[in-house]
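Participant: In order, the protein sequence lines correspond to chains A and B.
Quick note: the first sequence uses the working numbering, first residue 358, plus one each step.
Quick note: the second sequence uses the working numbering, first residue 3, plus one each step.
This is the structure I have questions about; it appears just below.
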Amino acid sequence: MTALKPTPPSDAQPMYKKREPVHPKLVSGKFRSFKFAFMALALAVYYGLPWIRWDRGPDAPDQAILFFADGKFYFGPIEIWPQEVYYITGILILSSLGLFLVTSLFGRVWCGYACPQTVWTDLYIAVERFFEGDRNKRIKLDRAPWTFNKIWRKVAKHAVWLLIAAATGGALVFYFHDAPSLAYNFFTGHAPTTAYVFVGILTFTTYSLAGTMREQVCTYLCPWPRIQAALTDEDALNVTYRWDRGEPRGPHKKSETWEGRGDCVDCNACVTACPMGIDIRNGAQLECIHCALCIDACDDIMKKVGRPTGLIAYDTDKNVELRAAGKPAQKFRLFRPRVIIYAVLISAITALMAYGLFTRSTFELNVLKDRSPSFVQLSDGRIQNGYAIKLVNKRIDPKNIRLEVTGIEGADVSLVGEEHGDLDVEIPGEGVTRFRMIIKIPENAVDGNDRLRIVAIDTETGEQDANFIPFSSPRRN
Amino acid sequence: MSEHDKDVDAATGVETTGHEWDGIRELNNPLPRWWLYIFYITIVWAVVYWIFMPAWPALPGMGTNTPGIRNHSDRALVAESIDALRSARAENGAALIEASVEDILADQDLRQFAMAAGESAFGDNCATCHGAGGRGAPGYPTLADDVWLWGGGLDEIQHTITYGVRQENMESRFSMMPAFGRDQVLSAEEITNVAHYVRTLSGLEEPSDASIAGQEVFEWNCVACHGEAGTGDQFQGAPDLTDRDWLYGSDMATVQATIYNPRNSAMPAWGERLDETTVKALAVYVYALSGSEG
Numbered sequence: 358m359t360a361l362k363p364t365p366p367s368d369a370q371p372m373y374k375k376r377e378p379v380h381p382k383l384v385s386g387k388f389r390s391f392k393f394a395f396m397a398l399a400l401a402v403y404y405g406l407p408w409i410r411w412d413r414g415p416d417a418p419d420q421a422i423l424f425f426a427d428g429k430f431y432f433g434p435i436e437i438w439p440q441e442v443y444y445i446t447g448i449l450i451l452s453s454l455g456l457f458l459v460t461s462l463f464g465r466v467w468c469g470y471a472c473p474q475t476v477w478t479d480l481y482i483a484v485e486r487f488f489e490g491d492r493n494k495r496i497k498l499d500r501a502p503w504t505f506n507k508i509w510r511k512v513a514k515h516a517v518w519l520l521i522a523a524a525t526g527g528a529l530v531f532y533f534h535d536a537p538s539l540a541y542n543f544f545t546g547h548a549p550t551t552a553y554v555f556v557g558i559l560t561f562t563t564y565s566l567a568g569t570m571r572e573q574v575c576t577y578l579c580p581w582p583r584i585q586a587a588l589t590d591e592d593a594l595n596v597t598y599r600w601d602r603g604e605p606r607g608p609h610k611k612s613e614t615w616e617g618r619g620d621c622v623d624c625n626a627c628v629t630a631c632p633m634g635i636d637i638r639n640g641a642q643l644e645c646i647h648c649a650l651c652i653d654a655c656d657d658i659m660k661k662v663g664r665p666t667g668l669i670a671y672d673t674d675k676n677v678e679l680r681a682a683g684k685p686a687q688k689f690r691l692f693r694p695r696v697i698i699y700a701v702l703i704s705a706i707t708a709l710m711a712y713g714l715f716t717r718s719t720f721e722l723n724v725l726k727d728r729s730p731s732f733v734q735l736s737d738g739r740i741q742n743g744y745a746i747k748l749v750n751k752r753i754d755p756k757n758i759r760l761e762v763t764g765i766e767g768a769d770v771s772l773v774g775e776e777h778g779d780l781d782v783e784i785p786g787e788g789v790t791r792f793r794m795i796i797k798i799p800e801n802a803v804d805g806n807d808r809l810r811i812v813a814i815d816t817e818t819g820e821q822d823a824n825f826i827p828f829s830s831p832r833r834n
Numbered sequence: 003m004s005e006h007d008k009d010v011d012a013a014t015g016v017e018t019t020g021h022e023w024d025g026i027r028e029l030n031n032p033l034p035r036w037w038l039y040i041f042y043i044t045i046v047w048a049v050v051y052w053i054f055m056p057a058w059p060a061l062p063g064m065g066t067n068t069p070g071i072r073n074h075s076d077r078a079l080v081a082e083s084i085d086a087l088r089s090a091r092a093e094n095g096a097a098l099i100e101a102s103v104e105d106i107l108a109d110q111d112l113r114q115f116a117m118a119a120g121e122s123a124f125g126d127n128c129a130t131c132h133g134a135g136g137r138g139a140p141g142y143p144t145l146a147d148d149v150w151l152w153g154g155g156l157d158e159i160q161h162t163i164t165y166g167v168r169q170e171n172m173e174s175r176f177s178m179m180p181a182f183g184r185d186q187v188l189s190a191e192e193i194t195n196v197a198h199y200v201r202t203l204s205g206l207e208e209p210s211d212a213s214i215a216g217q218e219v220f221e222w223n224c225v226a227c228h229g230e231a232g233t234g235d236q237f238q239g240a241p242d243l244t245d246r247d248w249l250y251g252s253d254m255a256t257v258q259a260t261i262y263n264p265r266n267s268a269m270p271a272w273g274e275r276l277d278e279t280t281v282k283a284l285a286v287y288v289y290a291l292s293g294s295e296g
């Protein structure tokens, strides 16, 4: 039989491009120094924060920052209960607005200096450099056959990477448990399984993201570069190749004149320094994390060839265009509408949260009516409903609470077990106290579903929490 | 397969398996590498697993299965967890045994512990008959109201739960209403008359000739237990006939049936099945359901 045989197009392009390894060259300069300093600070904060103590009294955890301990979040003096989780949402909203603000002012400084991906990648590259040397040596070593020299360097590098990765995971779980006791339990094998699982997960992610995936995370995995395109504008400071000054580029001999050509000597220093493996001279790119290492690399060359530094610099798109058109550059505009909007939003949300935090309740009243039986009729004909009451005391000190029930005349309210069914109760600090409340109402005062209002009053401060509660009874016809 | 046996598909340049169906041949593409590696990892994992965990059944001389070097047993872990729970509850549990039910109810901490323990024990053991929250059912008393057959005080509830109703032990609540009809103590007419009278006691019907005739029957046969006014006697578990609460129902037919052939229903002696802590917790919980002794 004859079948139609399809033939592949001759210029078929593979859909998948294999990664070309990036070997950034070490540069020196003010941005490199700042990036190292910031890396040290960021790592110190990340690893150190869980170890800071904060005295909260005898029965409370003494860790300054602690998440999900008995469901509660601790930030120094602030204690957030699970039902107040909207404060965490607020913090997240503030964080993203802060990111927007910084981005509209200084471009992608988050990507360049503060993002964990950047910090840990930088750390991993430093380790790599320690064992395998700088860019040229690393490229050579990668091509070299597997000798003992290559093997031990590679093994040592990966071992140190794994150690750092494990420490990173370890530090994370300290945020969720008492750090000193967890550290001890972890190494003696008595820590909760979740601790080991999460250390394992973070070891894997840190090792793979910072060690093997690196710039691909920013380019392919991270949504932030896409979002940022919408956040920056021609007034934002970005790491910029000033093509108005650099072009036309070309090699330059010492004896040649600089007249009629640009300052860029096409030395590729900016390209070899780039941890993302891109050429900044191609303009603003999605891959560029604005780490400014190319600025250091270029400045170094400019000094050597005797030209002014700043061929690559933090600059705005607008100024490059202006200079190219022969006009004077503008001063950096700090107060632009979007900056002001972000700042106002941040202040407003901060104020709102602070107001909520300082005026938030110190106790809560929750009432749940019995559903079975919905009501009973007593031998004297009165209708009785039962309720489960929970009084939540969010403070360490005990409280005196008085309950008041209003809404229907002649309601007989009592708390089971309290003396004389008394409605004045003392509740211990830091916890939930449960009571059973019984309400009896004459049959002729109720009809089907009635509503009562119950108020819990802190007898010392006068603070109140109120609830409406249903009262069920047979419907009168 | 030797080299020249390979059947290569011209369109794709990929070797085929050599299988052909209606002129369609199957390409022999290699498995995706990521898939293959994961497959190999699962094989390695399986080997590691049977070294550490129970795996192979019944090798000679190894009992039911190979134990693995971790000697893991889910059954043992459950037992361990139960022990841990018991010891975690030991402090409050011991306090429940020492304290009287009155003291448990008066103490905020003990009360909360007893209520929680009692609620779960009630759901497991009592709700089958008495209903969730003690709502009751025909023949099974409602525990959430203030009507008690054998007394609604804490001690009385504890006694009833511990020894049961109409059980063989000496402490059990016990009484027997005679079968007035079945044993031919009363005639059918007398039973009808006394049923009418009983229903007038709680205002379910107006006095009539029949009920007046029934009053005499009542005075001769019923007052010993139910009292002259029909208000019952908790010592004998005789229900109050003047209130609105009817264990089996208040319609004429049900009252007649009860007099003709009483049910004399029973409740197990829970002291024989549950520990003292649980019985006390149940007593507190059942008391708190209604909050009144009646």
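By construction, the Cβ of each residue, glycine as well, lies at the ideal position given by its N, Cα and C atoms.
Using a threshold of 8 Å, state whether the C-beta atoms of A:A426 and A:I409 are closer than that.
Facilitator: The residue you call residue 426 of chain A lines up with position 69 of the first sequence. The residue you call residue 409 of chain A lines up with position 52 of the first sequence. It is not a contact, given that the beta carbons lie outside the stated cut-off.
Participant: Using the beta-carbon count (16 or more within 10 Å), is A:L709 buried or exposed?
Facilitator: Position 352 of the first sequence, counted from the first residue, corresponds to residue 709 of chain A. Burial is judged here by how many other beta carbons sit within 10 angstroms of a residue's own beta carbon; A:L709 has fewer than 16 and is exposed.
Participant: Against chain B, does A:P831 count as a neighbour if the rule is that its beta carbon must be under 8 Å from one of theirs?
Facilitator: Your numbering for residue 831 of chain A matches position 474 in the first sequence. No, its Cβ sits nowhere closer than 8 Å to a Cβ of chain B.
Participant: When you compare each of A:L691, A:K660, A:G640 to A:D674 by their alpha carbons, which one comes out closest?
Facilitator: Counting from 1 along the first sequence, the entry for residue 674 of chain A is found at position 317. Taking the Cα of A:D674 as reference, the smallest distance to any Cα among A:L691, A:K660, A:G640 is reached at A:G640.
Participant: Evaluate the contact criterion for the stretch 619 to 637 of chain A versus the stretch 662 to 678 of chain A: three or more CB pairs, one atom per stretch, below 8 Å.
Facilitator: yes
Participant: Going by DSSP, which residues form a beta bridge with A:Q741?
Facilitator: To locate residue 741 of chain A, count along the first sequence from 1; it is residue 384. According to DSSP, A:Q741 bridges with A:V733, A:K797.
Participant: Comparing C-alpha positions only, which one of A:P473, A:R495, A:L454, A:D657 sits nearest to A:G386?
Facilitator: Here residue 386 of chain A refers to the residue found at position 29 when the first sequence is read from its first residue. Answer by Cα proximity: A:D657.
Participant: Taking C-alpha atoms, which residue in A:K611, A:E787, A:V459, A:N625 lies nearest to A:F720?
Facilitator: By 1-based counting over the first sequence, the position of residue 720 of chain A is 363. Answer by Cα proximity: A:E787.
Participant: What does B:A146 touch in chain A if you count any residue whose Cβ is under 8 Å from its own?
Facilitator: Sequence index remark: in the second sequence, residue 146 of chain B carries index 144 (1-based). Neighbours of B:A146 on chain A, chain order: D727, P730, V733, Q741, G743.
Participant: Name the chain A residues that come within less than 7 Å of B:D245, Cβ to Cβ?
Facilitator: Reading the second sequence from its first residue, position 243 is the one you call residue 245 of chain B. The contacting residues are S736.
Participant: Kindly indicate which three-state DSSP category A:M358 falls into: helix, strand or coil?
Facilitator: For the purposes of this step, residue 358 of chain A is taken as the residue at position 1 of the first sequence. With a pLDDT of only 47 at A:M358, under the threshold of 50, the placement of this residue in the model should not be trusted, and no figure is reported.
Participant: Going straight from the alpha carbon of A:R602 to that of A:A682, what length do you get?
Facilitator: Sequence index remark: in the first sequence, residue 602 of chain A carries index 245 (1-based). Sequence index remark: in the first sequence, residue 682 of chain A carries index 325 (1-based). The straight-line gap from Cα to Cα measures roughly 12 Å.
Participant: Using the Cα positions of A:L780 and A:L760, report the straight-line distance between them to the nearest angstrom.
Facilitator: For this step, residue 780 of chain A is matched to residue 423 along the first sequence. For this step, residue 760 of chain A is matched to residue 403 along the first sequence. The straight-line gap from Cα to Cα measures roughly 5 Å.
Participant: The stretch 750 to 780 of chain A: which residues have C-beta closer than 8 Å to a C-beta of chain B, in chain order?
Facilitator: S771, V773, G774, E776, G778
Participant: In chain A, which residues lie with their C-beta within 7 Å of the C-beta of B:R137?
Facilitator: To locate residue 137 of chain B, count along the second sequence from 1; it is residue 135. Here the neighbours are S729, P730.
Participant: For A:R606, which residues of its own chain have a beta-carbon under 6 Å away from its beta-carbon, when the five flanking residues on both sides are left out?
Facilitator: Counting from 1 along the first sequence, the entry for residue 606 of chain A is found at position 249. Taken in chain order, the residues that qualify are G619, C621, D623.
Participant: Residues of chain A with CB closer than 9 Å to the CB of B:Q160, please, in chain order.
Facilitator: Along the second sequence, read from residue 1 onward, the residue named residue 160 of chain B stands at position 158. Residues of chain A with a Cβ closer than 9 Å to the Cβ of B:Q160 do not exist; the shortest Cβ-Cβ separation is about 15 Å.
Participant: Here's the rule: buried if 16 or more other CB atoms are within 10 angstroms of the residue's CB, otherwise exposed. What is B:Y289?
Facilitator: Here residue 289 of chain B is taken as the residue at index 287 of the second sequence, counted from 1. Buried, because 16 or more other Cβ atoms sit within 10 Å of the Cβ of B:Y289.
Participant: Please name the residue or residues paired with A:N595 in a DSSP beta bridge.
Facilitator: Locating residue 595 of chain A in the first sequence gives position 238, counting from the first residue. In DSSP, A:N595 forms a bridge with A:D672.
Participant: Mind checking which residues open and close the alpha helix (DSSP H) that includes A:Y530?
Facilitator: The residue you call residue 530 of chain A lines up with position 173 of the first sequence. Before going on, a small fix: residue 530 of chain A reads as Val here, not Tyr. First-last of the alpha helix (DSSP H) with A:V530: 505 to 531.
Participant: Let me know the secondary structure DSSP gives B:V288 once reduced to three states.
Facilitator: The sequence position of residue 288 of chain B within the second sequence is 286, counting from 1. It is helical.
Participant: How big is the Cα-Cα spacing for B:T14 and A:W503?
Facilitator: Within the second sequence, residue 14 of chain B is the residue found at index 12, counting from 1. Within the first sequence, residue 503 of chain A is the residue found at index 146, counting from 1. Between B:T14 and A:W503, the C-alpha separation is close to 36 Å.
Participant: Output, in sequence order along the chain, the residues in the stretch 102 to 115 of chain B whose CB is closer than 9 Å to any CB in chain A.
Facilitator: I106, L107, A108, D109, Q110, D111, R113, Q114
Participant: Where does A:P694 land, buried or exposed, given buried means 16+ other C-beta within 10 angstroms?
Facilitator: The count along the first sequence starts at 1 and reaches residue 694 of chain A at position 337. Classification of A:P694: exposed, given that the 10 Å Cβ count is below 16.
Participant: Pick helix, strand or coil for B:D298, following the three-state DSSP scheme.
Facilitator: The structure shown has nothing for residue 298 of chain B, since chain B only spans 3 to 296.
Participant: Should B:G183 be labelled buried (16 or more other beta-carbon atoms within 10 Å of its own) or exposed?
Facilitator: The count along the second sequence starts at 1 and reaches residue 183 of chain B at position 181. Around the beta carbon of B:G183, a 10 Å sphere encloses 16 or more other beta carbons of the protein chains shown; the residue is thus reported as buried.
Participant: What does A:L400 pair with, by DSSP beta-bridge criteria?
Facilitator: One-based indexing of the first sequence puts residue 400 of chain A at position 43. DSSP output for A:L400 lists no bridge partner at all.
Participant: Where does the unbroken alpha helix (DSSP H) through A:P827 begin, and where does it stop?
Facilitator: As a position in the first sequence, residue 827 of chain A is number 470, starting the count at 1. In this chain, A:P827 is not harboured by any alpha helix (DSSP H); it is covered by the beta strand (DSSP E) spanning 821 to 829.
Participant: Report, in whole angstroms, the separation of the C-beta atoms of A:G568 and A:W518, which I expect to be a contact under 8 Å.
Facilitator: For this step, residue 568 of chain A is matched to residue 211 along the first sequence. For this step, residue 518 of chain A is matched to residue 161 along the first sequence. With 8 Å as the limit, A:G568 and A:W518 qualify as a contact, their Cβ atoms being about 5 Å apart.
Participant: Examine chain B for any beta-carbon lying closer than 8 Å to the beta-carbon of A:T560, and answer yes or no.
Facilitator: In the first sequence, counting from the first residue as 1, residue 560 of chain A sits at position 203. Taking Cβ atoms only, chain B never reaches closer than 8 Å to A:T560, which makes this a no.
Participant: When you compare only the Cα positions, how much space is there between A:T816 and A:V762?
Facilitator: Locating residue 816 of chain A in the first sequence gives position 459, counting from the first residue. Locating residue 762 of chain A in the first sequence gives position 405, counting from the first residue. Answer to the nearest angstrom: the Cα atoms are 15 Å apart.
Participant: For B:E278 and B:Q238, what's the separation of their Cα atoms in angstroms?
Facilitator: Position 276 of the second sequence holds residue 278 of chain B. Position 236 of the second sequence holds residue 238 of chain B. Taking the straight line joining both Cα atoms gives about 25 Å.
Participant: Just confirm the distance between the C-beta atoms of B:D147 and B:S252, as a whole number of angstroms; I'd bet it's less than 8 Å.
Facilitator: As a first step, residue 147 of chain B must be located in the second sequence, where it is residue number 145. As a first step, residue 252 of chain B must be located in the second sequence, where it is residue number 250. In fact, because the Cβ distance is near 15 Å, the residues do not count as touching under 8 Å.
Participant: For the stretch 240 to 275 of chain B, which segments carrying the alpha helix (DSSP H) assignment without a break, of at least 4 residues, lie completely within its bounds, in sequence order?
Facilitator: 254 to 262
Participant: The stretch 788 to 819 of chain A: which residues have C-beta closer than 8 Å to a C-beta of chain B, in chain order?
Facilitator: T790, R791, R793, I795
Participant: By Cβ distance, which residues of its chain are closer than 6 Å to A:R571, with the 5 residues on each side in sequence left out?
Facilitator: Taking the first sequence and counting its residues from 1, one reaches residue 571 of chain A at position 214. If the five residues before and after A:R571 are omitted, its C-beta is found closer than 6 Å to the C-beta atoms of T478, all from its own chain and listed in chain order.
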